[in-house]
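> Provided herewith is a single structure, encoded as structure tokens, for subsequent inquiry.
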Amino acid sequence: MVNRVREWGFDLLIPCVKLYDGWCDYHSRVGIVRPGWEEFDPLLVLAEEGSDVGLEVHPWSCVFVESLNSEGSALMREHPEARAIKLTAGGPEPQGWACPSHEVVRDYNVAICEEILENYPVQGMHLDYIRNGGFQIPEGCQCEVCRAAFREMTGAELTADAFPGISQAAQNYVPLTRWRAAQVTEVVRRVHEAAAKRGKGVSAAVFSNFPIAYFDQGQDWVTWAHQGIVDYLFPMTYIALPEVVKWWTECYVAMVKGAVPVWPGLCYFQDCLSVETMTEQIASAKQAGADGVVIFEYTGMSEEMAAALRTF
Ligand SMILES: [Zn+2]
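My numbering numbers the first residue of the sequence shown as 79 and each following residue consecutively.
Here is the structure:
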């Protein structure tokens, strides 16, 4: 597989090693190793084979998503209180996410990345689900930590009613948004520090809709670029229309201003788009100033697609 990907002309491989169900697909000492990998470490084999053929590897961690089932998540098993919560008329509704406002959640995810960067011959880490999640605005997570912080910042209770739009009450949304984004950004910064001191890099899959991603889910990725705490940005540009790929890429390039390379992520599962559409999308991204593209995912690749890629 590694040889084939290199022959297809790819520079970087992004294997998922902590999935959204919380399990770890490598020999982790921080998280729980998925059953079946006791005798074989797929990440070690992939990283070594990648190094042999000059293919960079950024293991991919689904950071704050942990699934509702705690079976595979050491974090949720040991710290159920750190699960994101939605308050409903029927009572607290646990979400399939960890809440980034808990220090233990941030520490856990940094530790996952740090052990990978330390123990494997990889060139960086890839961060996905690097945001608040489980629900959209207005109120977001309503766990004890979030509610207490909001009360301290504003003197008000953290409810959806507090944000009816542009109003006096809606001003409470300003400190809340900044505070939520800061929790996520802290993890990016700490992973970047861990990577940089080992001569490695950090890439992140981010939403195409910035700045909605910032106020909706605490994903302040344009600031990450300008603070130099990511080394690549892969905005998830998952749409069939090539012209939208061009417009979105123009937005990314305008906002990032060359601070870091921008590689739009293009969604190309098996048969989901034609090779013609995908090549048109790549041409659109390049025309708009993209430094590369990410193809999501490997199973969508074919020799026909590879032949089309070679024309770029
Ligand atoms: Zn919370």
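Cβ coordinates follow ideal geometry from the N, Cα and C atoms, glycine included. Computed from a prediction, not measured in an experiment: that's the story for all the values here.
(1) In this structure, how does DSSP classify His304 when only helix, strand and coil are distinguished?
(2) Would you list the residues sitting across from Thr164 in a DSSP beta bridge?
(3) Once you ignore the five residues that flank Glu127 on each side, which residues in its own chain have a CB closer than 6 Å to its CB?
(4) Measuring CB atoms only, is the segment 275-284 touching the segment 352-370, in the sense that at least three cross pairs come out at less than 8 Å?
(5) State the DSSP-derived secondary structure class of Phe88, mapped to helix, strand or coil.
(6) Just to confirm the assignment, what range does the alpha helix (DSSP H) spanning Ile208 have?
(7) Collect the residues with a C-beta less than 6 Å away from any heavy atom of ligand 1 and give them in sequence order along the chain.
(8) Quick check: Val280 and Gly202, are their CB atoms within less than 7 Å of each other?
(9) The alpha helix (DSSP H) spanning Ser362 covers which residue range?
(10) Helix, strand or coil: which one does DSSP assign to Gly277?
(11) For my contact list, Pro339 and Gly370 are in at a C-beta cut-off of 8 Å; report their separation, rounded to the angstrom.
(12) Distance, Cα to Cα, Trp257 vs Cys224?
(13) Please state whether the Cβ-Cβ distance between Gly174 and Gly100 is less than 7 Å.
(14) Fully enclosed by the segment 309-354, which alpha helix (DSSP H) runs are 4 residues long or longer?
(15) Taking Gln295 and Asn187 to be in contact with their CB atoms under 8 Å, please state how far apart those CB atoms are, rounded to whole angstroms.
(16) What number of angstroms, rounded off, separates the C-alpha of Glu271 from the C-alpha of Ser106?
(17) Taking the beta carbon of Leu351 as the centre, do at least 16 other beta carbons fall within 10 Å, making it buried, or is it exposed?
Let me lay it out:
(1) The answer is helix: DSSP assigns His304 an H, G or I state.
(2) Looking at the sequence shown, residue 164 is not Thr but Lys. Glu171.
(3) Here the set comprises Val80.
(4) Touching, no.
(5) If DSSP states are grouped into helix, strand and coil, Phe88 belongs with coil.
(6) Segment: none, Ile208 is in no alpha helix (DSSP H) and carries neither H nor E.
(7) After applying the 6 Å Cβ criterion, the set is Ala162, Cys177, Ser179, Cys219, Cys221, Val223, Cys224.
(8) It is a contact, given that the beta carbons lie within the stated cut-off.
(9) Following the DSSP letters along the chain, one finds Ser362 inside the alpha helix (DSSP H) bounded by residues 353-365.
(10) Coil at Gly277, not helix or strand.
(11) The pair is a contact, with the Cβ atoms about 7 Å apart (cut-off 8 Å).
(12) Rounded to whole angstroms, the separation of the alpha carbons of Cys224 and Trp257 is 10 Å.
(13) No, Cβ-Cβ distance for Gly174 and Gly100 is not below 7 Å.
(14) Listed in chain order, they are 320-334.
(15) At roughly 16 Å, the Cβ-Cβ gap does not stay under 8 Å, so Gln295 and Asn187 are not in contact.
(16) Taken atom to atom, the span from the alpha-carbon of Glu271 to that of Ser106 is near 20 Å.
(17) Here Leu351 is buried. Its C-beta has 16 or more other C-beta atoms within 10 Å.
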